[in-house]
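Student: Numbering that gives the first Met the number 0 numbers the first residue of the sequence shown as 0 and each following residue consecutively.
Every residue gets a Cβ at the ideal spot worked out from N, C-alpha and C, and that includes glycine.
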Amino acid sequence: MTNPVRLRFSEDKTLLFAAIRPQDVKGGRLEAEELLEALLEMGYSSFQFELDQHAFDDLTQLRWDQLNREIVKCLARRVEFELQVQISEDQMQAWASVQPAFSGEEIPLERLLEKLAYAGVKQGYLYDALKEIMNTSQAEQLLVARGSLPVHGTNAWLEPLFQQTEAEMPSALVVQLEQGVPLAQLHPATPGQSGTTVTGQILPAKSGKNLQLVPSVGSDFSPLDPQILVSTQSGCPILRFNSVRLDPILTVEKVDEESGDLNYSGSILILGSVQSGYLVQAKGHIEVLGDVEGARLEAGGDILIHGAVNGQGQCLIRASGQTVATRLSQVLIECGRDIRVREGVYQSHLRAGGSIVIGETPETGLLLGGRLVALRQLRVGQIGNERKSVAHIHLGQDDYACDQFEAKNHALTEVRQELDSTLKKLIQVRAQEVPLVNPELLQRKLHHLEQQVEQLKDELSYLEQTLFAWPCGQNLRLGKALWPELALSMGPYQATFSAPLKGPISFCVEQEGTETKITAKSEPVEAAVRDEPLPLEPHRAESPHTQPHSAIL
0 MTNPVRLRFS
10 EDKTLLFAAI
20 RPQDVKGGRL
30 EAEELLEALL
40 EMGYSSFQFE
50 LDQHAFDDLT
60 QLRWDQLNRE
70 IVKCLARRVE
80 FELQVQISED
90 QMQAWASVQP
100 AFSGEEIPLE
110 RLLEKLAYAG
120 VKQGYLYDAL
130 KEIMNTSQAE
140 QLLVARGSLP
150 VHGTNAWLEP
160 LFQQTEAEMP
170 SALVVQLEQG
180 VPLAQLHPAT
190 PGQSGTTVTG
200 QILPAKSGKN
210 LQLVPSVGSD
220 FSPLDPQILV
230 STQSGCPILR
240 FNSVRLDPIL
250 TVEKVDEESG
260 DLNYSGSILI
270 LGSVQSGYLV
280 QAKGHIEVLG
290 DVEGARLEAG
300 GDILIHGAVN
310 GQGQCLIRAS
320 GQTVATRLSQ
330 VLIECGRDIR
340 VREGVYQSHL
350 RAGGSIVIGE
360 TPETGLLLGG
370 RLVALRQLRV
380 GQIGNERKSV
390 AHIHLGQDDY
400 ACDQFEAKNH
410 ALTEVRQELD
420 STLKKLIQVR
430 AQEVPLVNPE
440 LLQRKLHHLE
450 QQVEQLKDEL
460 SYLEQTLFAW
470 PCGQNLRLGK
480 ALWPELALSM
490 GPYQATFSAP
500 LKGPISFCVE
510 QEGTETKITA
520 KSEPVEAAVR
530 DEPLPLEPHR
540 AESPHTQPHS
550 AIL
């Protein structure tokens, strides 16, 4: 005979319901044995459930032959621990409080997970915490789940193959490579990995941006691997965001009255010093083995100065890449990427499209006065001294950087239009549709415009990454000490530090309650020593042709 009693649990499995249809009850009376049989088949135990005797009796006393609808009654209640769950506002953490129903109650993992899931905690369980609950049968605001943040994909990037390893820091910038040398390898973008909240919500990851590898002057695809560029001529390698070109090299003894100003379409190596009042311009790199006085240096690539720069308020240095020097005093520098200084910076104005690093290690390097602007980070050992020279530091976006980004975009559009126009005219000249125009002049102009497009695309690619990735900058890392005074701004936030501080300290923008502001926090020493040393070893004139140039970050 079929049992008319059908049992089912509530959604959280704490209540046991009996559902009975009148037409299934034979003879109009429900027997107690039928209820008990259904309970036993469901695994009922008096140690786990408390039977509702009144409901049990009501079901056996009803006249079922006089009813015309299904009857549902709660027949038993589970006797178990009480669980309270608190989920953080961002749904990335969950805490649990547990009270046992009776002394010595055993809490099975399966039941604990069921109750957590019913309370909304479905992912990111911390099983060590759950094991603690099972062992003690109680908990008070115990962290039991943590969500996982998405891991965004990395952008495609170009690895220079002509440089030495990090342990063998390069000692030269303007060096000559021969034909057939591997130059760079393209590493493709990665898709990233999604994260989840403790409630099970998917946090999508952003895929990295792809990059197309492009040959340039003096480079071409390797016949063995289309993701590698090799040199097709000798020259100085200039690393770009998606290419490597090889420049001719101009070597001079020094820059003075005898040499005059220098303007070269390749890279320049100066074996001595640069005296005041002279201009040195290069489309590639500039490397100076001596000192620089009140001169002006402009490079489409990097600038490496092995000596000191004593500008006396008259030195201007501009580089689309990075600038590296031993010491800077009363200098104005505008750099598209990083500025790195071995010893110290004194009363200078520096602007970097990347980071500014002062000191070979986090504990060394001195900054006295001046104004420093970096889109990403500043790392220095000590700021100020007992003379209380005020340093003004800005990290992150500012109006000038945003204007530069817009101006470079506008310039790129104009140069591309001129490039298209020149190319069309050259085609017409070669087809003899336009007389009295020298095709060689057009070809030279075309080559010049192509180099301009390459330069602007390289500058925009790096500027876009730093400008929008760090609107308030990343941090200011102080390794040793801060003397009063420091005026610090990060994005739109400002702070003044008038009291001395001992490092290592990290200054960054954080939200405290409802307020967002610049905070200073002590930093573990091990976290402050991860930066690689600066590429400022003494230059060796006898470097072989495989000697690489310093890294473009």
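Against chain B, with Cβ distances strictly below 8 Å, would GLN450 count as a contact?
Tutor: Checking the listed chains, one finds no chain B in this structure; it contains a single protein chain.
Student: Let me know the secondary structure DSSP gives ILE132 once reduced to three states.
Tutor: Three-state result, ILE132: helix.
Student: Would you call the region 315-335 and the region 343-362 in contact, with 3 or more CB pairs under 8 Å?
Tutor: Yes: the two stretches touch, three or more of their Cβ pairs being nearer than 8 Å.
Student: Go ahead and label PRO107 buried or exposed: buried means 16 or more other beta carbons lie within 10 angstroms of its beta carbon, across all protein chains shown.
Tutor: Classification for PRO107: exposed.
Student: By how many angstroms is the C-alpha of HIS186 removed from the C-alpha of VAL216?
Tutor: Approximately 21 Å, taken between the alpha carbons.
Student: On the three-state DSSP scale, how would you describe ARG7?
Tutor: Of the three classes helix, strand and coil, the one that applies to ARG7 here is strand, per DSSP.
Student: Comparing C-alpha positions only, which one of SER264, ILE302 and GLU509 sits nearest to GLN493?
Tutor: Cα-wise, what sits closest to GLN493 is GLU509.
Student: Suppose the cutoff is 6 Å on Cβ atoms and the five residues either side in sequence are ignored; what does the same chain contact list for GLY310 look like?
Tutor: Around GLY310: GLY293, GLN329 and VAL330.
Student: Between GLU458 and the rest of its own chain, which residues show a CB-CB distance below 7 Å, the 5 nearest in sequence each way excluded?
Tutor: Here the set comprises SER319, GLY335 and LYS407.
Student: For TYR461 and TRP156, I'd like the C-alpha separation in whole angstroms.
Tutor: Rounded to whole angstroms, TYR461 to TRP156 spans 11 Å at the Cα level.
Student: Give a yes or no on whether the C-beta atoms belonging to PRO236 and PHE161 are separated by under 8 Å.
Tutor: Yes, these two residues count as a Cβ contact at 8 Å.
Student: Can you grab the Cα-Cα spacing for the pair SER218 / ARG244, in whole Å?
Tutor: Whole-angstrom Cα-Cα distance: 6 Å.
Student: Hey, how far is the Cα of THR13 from the Cα of PRO149?
Tutor: Whole-angstrom Cα-Cα distance: 35 Å.
Student: Compare the C-alpha of PRO21 against each of ARG68, HIS447, ILE201 and GLN274 and name the closest.
Tutor: Residue ARG68 is the option with its Cα nearest to PRO21.
Student: Applying the 10 Å Cβ sphere with the 16-neighbour rule, what's the burial state of VAL173?
Tutor: Burial call: buried.
Student: Just list the residues that DSSP pairs GLU453 with in beta bridges.
Tutor: None, per the DSSP bridge assignment.
Student: Could you please give me the residues that DSSP links to GLY343 through a beta bridge?
Tutor: BP columns for GLY343 point to ARG326 and LEU365.
Student: Under the assumption that ALA17 contacts LEU58 (Cβ atoms under 8 Å), give the Cβ distance between them as a whole number of angstroms.
Tutor: 7 Å between Cβ atoms; contact.
Student: I'd like to check one pair, ALA100 with VAL143: are the Cβ atoms closer than 8 Å?
Tutor: In this structure, ALA100 does not lie closer than 8 Å to VAL143 by Cβ.
Student: Does SER549 come out as helix, strand or coil in the three-state DSSP assignment?
Tutor: Bear in mind that a pLDDT of 30 at SER549, under 50, signals an unreliable position, so the model cannot answer this.
Student: Would you kindly report the start and end of the unbroken beta strand (DSSP E) that includes ASP49?
Tutor: This sequence places Glu at residue 49; Asp is not what is there. GLU49 -> beta strand (DSSP E) spans 48-50.
Student: Between the alpha carbons of PHE404 and ILE332, how many angstroms are there, rounded?
Tutor: C-alpha separation (whole angstroms): 18 Å.
Student: Assign HIS446 to one of two classes, buried (16 or more other C-beta atoms within 10 Å of its C-beta) or exposed (fewer than that).
Tutor: HIS446 comes out exposed.
Student: Under three-state DSSP, which class holds PRO21?
Tutor: Correct three-state label for PRO21: helix.
Student: When burial is assigned at 16 or more other CB atoms within 10 Å of the CB, is VAL528 buried or exposed?
Tutor: Only weak support exists for where VAL528 lies, its pLDDT of 37 falling under 50; the coordinates are left without a value.
Student: Which residue from GLY299, LEU394, GLU514 and PHE506 puts its Cα closest to that of ILE450?
Tutor: Checking the sequence, you will find Gln at residue 450 rather than Ile. GLN450 has its Cα closest to that of GLY299, out of GLY299, LEU394, GLU514 and PHE506.
Student: If LEU374 and THR465 are in contact, beta carbons under 8 Å, what's the gap, nearest whole angstrom?
Tutor: The Cβ separation is near 4 Å, so the contact holds.
Student: Could you spell out the range, first to last residue, of the alpha helix (DSSP H) harbouring GLU40?
Tutor: Per DSSP, GLU40 belongs to the alpha helix (DSSP H) from 31-40.
Student: Going by C-alpha distance, which of LYS501, ARG326 and GLU139 is nearest ALA307?
Tutor: Measuring from the Cα of ALA307, the nearest candidate turns out to be ARG326.
Student: Note down, one range per segment and in chain order, each beta strand (DSSP E) of at least 3 residues found wholly within the region 193-241.
Tutor: List check, beta strand (DSSP E) in window: 218-220, 227-230 and 235-238.
Student: Can you tell me which of the three DSSP states ASN2 falls into?
Tutor: DSSP places ASN2 in coil when its eight states are reduced to three.
Student: Note the first and the last residue of the continuous alpha helix (DSSP H) segment covering ARG429.
Tutor: First-last of the alpha helix (DSSP H) with ARG429: 398-429.
Student: Given that a residue counts as buried once 16 or more other Cβ atoms are within 10 Å of its Cβ, and exposed if not, what is VAL71?
Tutor: So VAL71 counts as exposed.
Student: Between LYS253 and ILE269, which are expected to be in contact by the criterion C-beta below 8 Å, what is the C-beta distance as a whole number of angstroms?
Tutor: Indeed, because the Cβ distance is near 6 Å, the residues count as touching under 8 Å.
Student: Which partner residues does PRO149 have in the DSSP bridge list?
Tutor: In DSSP, PRO149 forms no bridge with anything.
Student: Going along the chain, which unbroken runs of the alpha helix (DSSP H) with 4 or more residues stay wholly within the region 440-525?
Tutor: Listed in chain order, there is nothing to give.
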